[in-house]
Each structure stands twice: as structure tokens, then as C-alpha cells.
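Chemist:
Protein chains in written order, with my numbering: chain L, 23 to 515; chain X, 873 to 1117.
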């Protein structure tokens, strides 16, 4: 039997499956070698894509609503400072407190010092990717505070000592069997495998945690600046418990997650539920506006809103600004053919899939994050799925430009400049074509014989080479570029 | 109609028969087909890898060579979308900017040009001698950036003796992605395996596509797995059918 608090520690062993100091290819290999994981990811993704497509049809004008949502997000981003100020003022006017955290460390320190001040021992958490981003659970644990995830999926990955593999459904990569085994270990007895039995086990365990908790930490789906309110959406009601039962509530919000008005919130919620889980609206839509007032019977004594920058303001005003429109629905992950094969853990411990590949390099200056721009075929399925019209694949191309400038090695630069020199003239290309014909037949022979040809072997280890034709089209057409005769060309201007 | 046939590098080097087929189909439909030797490559390999200067250097050769007012016909959906979607950005702020905007406006993907501008009736009857079941794979850039998915199917529907059978997931990426395929070969192959399995389950005789990059990848992977797939550019199967009537 294992203790729940040991999850992280125990999982650090399991977590070692993915090495985040290594490249995407190595992590992808871990997932590719796990057919169960791939099956789980494919099954759930397919299901999500299907239900989303259906429920989008229930909108009168789905395309128009998505255009509108993109416009509204842009309008907020254009005046983000004003919106945040208004949100903070209005939140404070209702007795809440606001802390602007410039980076992850500031956010962690603020939350940990609050916990110390109130001698908190147990903190219950509702789902928050921002809290993953700042490594809050580990920071609280270091202070001797037990942080318990109360979203079922988050609890599962916490018990397993893993990171969420999907921004909406953190345990997407796990099968029901995996969960049954994990819960049985936690329970110290074999639990029946049915979903009902497993969820009631979770409910029983988590209920006690809610009652024990001194502190509740939640994410924020949207802040409504004109109202000084925050909104969280869940399907389990756990956010309500986290934000109203404990004495202290701390809401952690990425600074871009603001809308101006209730009307704008309506637009976002209509798209968020549909895009994330194929629901017209989630089971619980929670609006909070500060601590319990004298006339009220429940609610926290203190409500803290932590507004997190952590690299976001650097993105404002750049060609990547539209990435901050993101409402964290996960639709781009669900349609991504790369995510489908490798799951979320291959990308990054926090944000995975196409949106992760875009925002990780923007929020964090490190080579591992930068490499993620290449973890895409640029098929554009993500852009097509995005309900706030983020041109994700275009951003990936632009991030590759940054990567080429900052990270690419000399060999890569040499390869592209030699290529450009050869292919920028017809004669250069035709020389290449002749070489291609000659080398092509040799390398085919070589690869058949299992002789590795550098670079080409990256192709041939997984696929056969195409048949090398005896001459290029241009040679057939105008007699140039082949191995044999040359004739003056006919149709040049 | 005078047209400029821009084979683009990959078909030019590896699939000359497909380019020749496109040339014959265009001629059959009444086009005067011009080939300009200095039009080599659209620059996409470097552009998609973030090497902008190199992309511009290569693409400027093609841009200069393709001057004029005639439509530019490419046998690659992907190269067509590079020209249409990204040349204006690639050449923005250079002396080539107006020419790039013009080329972006003139470029046509082969099947869209034939089906939607020339019209299938311009081809005359097309018939395959053997009843053939074909599946069509939508290439990502052509479908999502250019919005072309009906045109190649219209051309295939025009062929007598050809039954077009839907793949289970015709629009899912095959995992090629240009340099992606050699940067992450295992992921790329895993993606392709789903495509190859889809093709096998569909029990088709030939896989048709409008991008030879996809076909090179899918057929190459299928062959490496010992379950060869016959691939055909839409121009090739159309040309074959036209040749028999």
C-alpha cells in the first residue's frame, strides 16, 4: 500500500520514463514503445474530435462565433494592462487581494508565504495548468504542505507521480486498467474495475481532503475585468469545493486570461466547452467575486488572485501575440497527428501538443523548448481546430526561424547554404540532378545491402527509397540535367 | 491557353513521369504548356525549416523565371500553397515583393486548374481498361491552405472504370512533413503506419494524391513494411485513362 502523498516521489521513478533534459525524439521513442498509451491517446482523441464536430453544429454560426472570439481576444490583448488593472481594482473593491507575479518564483513565494502565515497543512487544488507551470505542488511539498489535486484526472497523474499529458484531460494517456491498478495500490486492496467504483473511491478519498484543507488553490478560466470576477469551469464540481470550503482561496491566473464583460465570457464559454469536451456547457460554471461577506454563510475568509506573467508580457506586441488568445481548450492537441502518436509527455512537462510547441519556446528561453517548434509536420490541423483562430502552424514556422538563428548548429547552416547555392540556378540544380541519378542508384544498392548512407539513412531506416528515374523531368523535356547530351534550351524567356 | 508548368524540385528529380503526364493532360485540354528551366524550386524546404534567406535565394530564381501573365501550374499542392500563402511574406520588403504577390495570384494547383478552370469536359472521355479501385489521400497544405479537396475527386470521377473509394481518414497527415521525416523518423513512420493500415483495409488498387511528397512517403513506408502500395499522381492516372480513349 502506498500513501497518496508519496505519489510524486514514487512517480519520480515513473517520471524518469521521460527525460526533459533530452530532446523530443528521445521522449517520443518512449511513447512509441508503449502501445497501450498510444491506444489510449488515439481512442480519446478520436472521440473528442467527433463529439466536438457534432456539438459545434448546434451553434447557429460556428465560424462566425469563432471569428468573433478571436476579435474579442485580440481586443483584450491590445489593452491588457487596462483590463488587468480594472480586474484587480474591482476584485479588491470586493475585499479580495491581488498579487502580480512577474515570474514563477514570485508566484510560488507568495502562495507559500500565505500558507506559512496561516499554518496551512493541506491545500486542495482544482485544475490549474498555471500551477503546473510554476511547479506549485513541489514548492508546497518543500514547505511540508500537502497539495492534493481534486480534479479526477489530475489526481490520477499526481498519484502516479506524473505530469498532466493534456491540458484538459491530464490522464488522457491512461487506460481504465491503469487507473484501477493505481487506485488499488492506493487503497491497499483490489478495487473493482468499473468506472463507477473507481470514481466513488476517488470521491470518498477527496471528500475528506476537502474537509481537512486549510487552503484552496484554483486556476482561472477567465477573469471578467468589468465585474472583478473570475470564472472556473469543471465537470466534477471540485472547483466549487476548493474555492468555497477552505478558509483561504488562492486563484492563479495567467495574465492573458481576461475578458472584458459577461457577454464576452458567454462567447468564450460557448466555445470552450464545445472545443474542450464537446459540451455545450460544462457541468459546473463557477463565478467568484472575492471572499465571504458578512451576510453570507459560506465562502473563504480571504480570496487572493495571483496574476502570473512568467514570460507572457514578452509575447505582447510581437508577431506571436495571437498565441495569447488561447483559451486552453485542447482542441489542437486532439486533432494533432503527432500528439496522437506520442501523447503529451513527449513534448513538455506542462503545455503539450501544438499550442505547447508554440508557447513553451515563447515563455521559456531554453533549447529543449525551442526544439518543439520542429515537432510538427505543419499539417495545419491545429490551426483549423483552434476556436480563437490562432495560426498555430504559422507560428511554428516563425519559431523555426528563431530556432535557426539561435539554436541550429553549423552543420545545419552549412547544409542549407550549400543547398541554396546549388538550387538557386538551373545549372546548379541540373548538376545536382545528374548527381542524384548517379548517387541514387548507388545508394539504393547500398541501402538494400544495409550499408548506411549518412543523412539518407534517416529516411531509409523507416522507408524504402523512391525509384530513382534514369533522368529528371527537365532532361526529358529539354535535354539538360541528365547524364548525357546537352542541348540549348528551348523555352526560356 | 498558355500555361507555365512548374514541376518543382521533387517531381522533377524523382517523378518525371508524373510531370510528363500533367503536361500531356494540360495539352489535351487545349493548353500550350511552357516549361522554364530556371524555375527550380519554390523554396519550401528551407522556409519550413526556418532558413529564410536560403528560401528566398532559391525561390527568387523561380520567381524571376515564372514572370509573365500566364497561370503557373504546379503538380504539387504543397508547392502551390508555398507560393500562394508564403511567397508574399517571404519576399516582403524586397524588390521582389510585387512580383511575388503577382505569382501568388497566378499559381494554380494542377487538379484545381484542370477541374475548375478548364473543366473536365475539355479533356474528352477518359477510361481505364481494367476496373480500378482508387483511394484519394488529401495532402495537408493543399486541403487546408488552398481549400482544394473536390477538384482531384472530380477528375477521378471523370474516369470511366475507376471506382473512388473513401479512405477511413483521408485528411489525416501521412507524417511526411518534409524535414520532419528525417528529423523524427520514428514518429513520422508511426504516423504513416496508420495511413498504410487505412489503405490496406480499404482494399484499393491505387492510392492517388496530388502531392508526390506524400506518395513518396506513404509508398516508401508501405514498401518497407512489405505491403507495397501503388501510388499515382492524379495526373498520371488521368493521363493513362485519357490515353486509352
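Ideal Cβ placement from N, Cα and C applies to all residues, glycine included.
If you're wondering where the values come from, they're calculated on a predicted model, not measured in any experiment.
Return the residues of the stretch 420 to 436 of chain L that lie within a Cβ-Cβ distance of less than 9 Å from chain X, sorted by chain order.
Modeler: The residues in question are 420, 421, 422, 423, 424, 425, 426, 427, 430, 434, 435.
Chemist: Given a cut-off of 8 Å on the beta-carbon distance, is the pair residue 346 of chain L and residue 337 of chain L in contact?
Modeler: Yes, they are a contact pair.
Chemist: What is the residue span of the beta strand (DSSP E) that residue 1066 of chain X lies within?
Modeler: Per DSSP, residue 1066 of chain X belongs to no beta strand (DSSP E); it is in the alpha helix (DSSP H), 1057 to 1074.
Chemist: Buried or exposed: residue 58 of chain L, going by 16 or more other Cβ atoms within 10 Å of its Cβ?
Modeler: Exposed, since its Cβ has fewer than 16 Cβ neighbours within 10 Å.
Chemist: What do you reckon, are the CB atoms on residue 146 of chain L and residue 181 of chain L nearer than 8 Å?
Modeler: No.
Chemist: Would you kindly work out how many angstroms separate the C-alpha atoms of residue 1036 of chain X and residue 885 of chain X, rounded to a whole number?
Modeler: Spanning the two alpha carbons is a distance of roughly 29 Å.
Chemist: I'd like the ranges of any beta strand (DSSP E) spanning at least 3 consecutive residues and lying wholly in the stretch 214 to 288 of chain L.
Modeler: For the stretch 214 to 288 of chain L, whole beta strand (DSSP E) runs of length 3 or above, ordered along the chain, are 237 to 241, 244 to 246, 251 to 256, 270 to 276.
Chemist: Hey, does residue 884 of chain X have any beta-carbon neighbour from chain L nearer than 8 Å?
Modeler: At least one chain L Cβ lies under 8 Å of residue 884 of chain X.
Chemist: Terminal residues of the continuous beta strand (DSSP E) containing residue 325 of chain L?
Modeler: 324 to 330 is the span of the beta strand (DSSP E), which, as asked, contains residue 325 of chain L.
Chemist: Hey, quick one: how far does the beta strand (DSSP E) through residue 874 of chain X stretch, first residue to last?
Modeler: 874 to 878 is the span of the beta strand (DSSP E), which, as asked, contains residue 874 of chain X.
Chemist: Need the endpoints of the beta strand (DSSP E) that residue 144 of chain L sits in, please.
Modeler: Unbroken beta strand (DSSP E) run through residue 144 of chain L: 144 to 147.
Chemist: Strictly under 8 Å for the Cβ-Cβ distance: is residue 495 of chain L near chain X by that measure?
Modeler: Taking Cβ atoms only, chain X reaches closer than 8 Å to residue 495 of chain L, which makes this a yes.
Chemist: Roughly how many whole angstroms lie between the Cα atoms of residue 490 of chain L and residue 459 of chain L?
Modeler: Their backbone Cα atoms lie some 6 Å apart in a straight line.
Chemist: The alpha helix (DSSP H) spanning residue 491 of chain L covers which residue range?
Modeler: It is not in any alpha helix (DSSP H) - residue 491 of chain L carries neither H nor E in the DSSP assignment.
Chemist: On the DSSP bridge list, what partners appear for residue 1105 of chain X?
Modeler: DSSP output for residue 1105 of chain X lists X:1081 as bridge partner(s).
Chemist: For residue 1115 of chain X, count neighbouring C-beta atoms within 10 Å of its own C-beta (all shown protein chains included) and say buried if the count is 16 or more, exposed if not.
Modeler: Burial call: exposed.
Chemist: So does the stretch 81 to 98 of chain L actually touch the stretch 287 to 294 of chain L, counting three or more Cβ pairs closer than 8 Å?
Modeler: Cβ pair count under 8 Å is three or more, so yes.
Chemist: In chain X, which residues lie with their C-beta within 8 Å of the C-beta of residue 516 of chain L?
Modeler: As displayed, chain L neither begins before 23 nor continues past 515, which places residue 516 of chain L out of reach and without an answer.
Chemist: Can you tell me whether residue 977 of chain X is buried or exposed? The criterion is at least 16 other CB atoms within 10 Å of its CB, across all chains shown.
Modeler: Exposed, because fewer than 16 other Cβ atoms sit within 10 Å of the Cβ of residue 977 of chain X.
Chemist: Rounded to the nearest angstrom, what separates residue 174 of chain L and residue 258 of chain L at their Cα positions?
Modeler: Cα to Cα, the separation comes out at about 8 Å.
Chemist: So with Cβ pairs under 8 Å, would you call residue 499 of chain L a contact of chain X?
Modeler: Closer than 8 Å to some Cβ of chain X, the Cβ of residue 499 of chain L qualifies, so yes.
Chemist: Could you say which of X:1100, X:924, X:1048, X:972 lies nearest to residue 1072 of chain X if we only look at CA atoms?
Modeler: Residue X:1100 is the option with its Cα nearest to residue 1072 of chain X.
Chemist: Starting from residue 154 of chain L and walking both ways along the alpha helix (DSSP H), at which residues does that stretch end?
Modeler: Here the alpha helix (DSSP H) through residue 154 of chain L covers 151 to 156.
Chemist: Got a sec? Which residues, its chain only, sit under 6 Å from residue 243 of chain L by beta carbon, not counting five neighbours each side?
Modeler: If we look at residue 243 of chain L and ignore the five residues flanking it on each side, its Cβ neighbours are 253, 254, 255.
Chemist: With a threshold of 8 Å on Cβ separation, who are the neighbours of residue 392 of chain L within its own chain once the five nearest residues in sequence on each side are excluded?
Modeler: Only 383, 421, 424, 425, 428, 429 meet the Cβ criterion.
Chemist: Would you kindly check if the distance between the Cβ of residue 1008 of chain X and the Cβ of residue 1042 of chain X is under 8 Å?
Modeler: Against a cut-off of 8 Å, the Cβ pair of residue 1008 of chain X and residue 1042 of chain X comes out as a contact.
Chemist: Return no unless some Cβ of chain X is closer than 8 Å to the Cβ of residue 508 of chain L.
Modeler: Reliability fails at residue 508 of chain L, whose pLDDT of 39 lies under 50, so the model's placement of it is uncertain and the value that follows must be treated cautiously. No, because no Cβ of chain X sits closer than 8 Å to the Cβ of residue 508 of chain L.
Chemist: Would you verify that the beta carbon of residue 364 of chain L is, or is not, closer than 8 Å to some beta carbon of chain X?
Modeler: Interface residue, yes.
Chemist: Run through DSSP, which three-state label would residue 508 of chain L get?
Modeler: The predicted position of residue 508 of chain L is uncertain, since its pLDDT is 39 and thus under 50; no value can be drawn from it.
Chemist: Is residue 977 of chain X helix, strand or coil when you go by DSSP?
Modeler: The answer is helix: DSSP assigns residue 977 of chain X an H, G or I state.
Chemist: Measuring alpha carbon to alpha carbon, tell me which residue in L:166, L:494, L:492, L:480 is nearest residue 1089 of chain X.
Modeler: Comparing Cα-Cα distances from residue 1089 of chain X to each of L:166, L:494, L:492, L:480, the minimum goes to L:480.
Chemist: Which residues, in order along the stretch 382 to 403 of chain L, keep a beta-carbon less than 9 Å from a beta-carbon of chain X?
Modeler: Of all residues in the stretch 382 to 403 of chain L, 395, 396, 397, 398, 399, 400, 401, 402, 403 have a Cβ within less than 9 Å of some Cβ in chain X.
Chemist: Pull up the distance between the alpha-carbon of residue 1111 of chain X and that of residue 983 of chain X, whole angstroms please.
Modeler: About 12 Å.
Chemist: By a C-beta neighbour count over all protein chains shown, 10 Å radius and 16 as the cutoff for buried, is residue 498 of chain L buried or exposed?
Modeler: With 16 or more other Cβ atoms within 10 Å, it is buried.
Chemist: At which residues does the beta strand (DSSP E) containing residue 1009 of chain X begin and terminate?
Modeler: Looking at the DSSP string, the run of the beta strand (DSSP E) that includes residue 1009 of chain X is 998 to 1009.
Chemist: By the criterion of Cβ-Cβ separation under 8 Å, what are the contact partners of residue 1054 of chain X in chain L?
Modeler: Result: 477, 480, 481.
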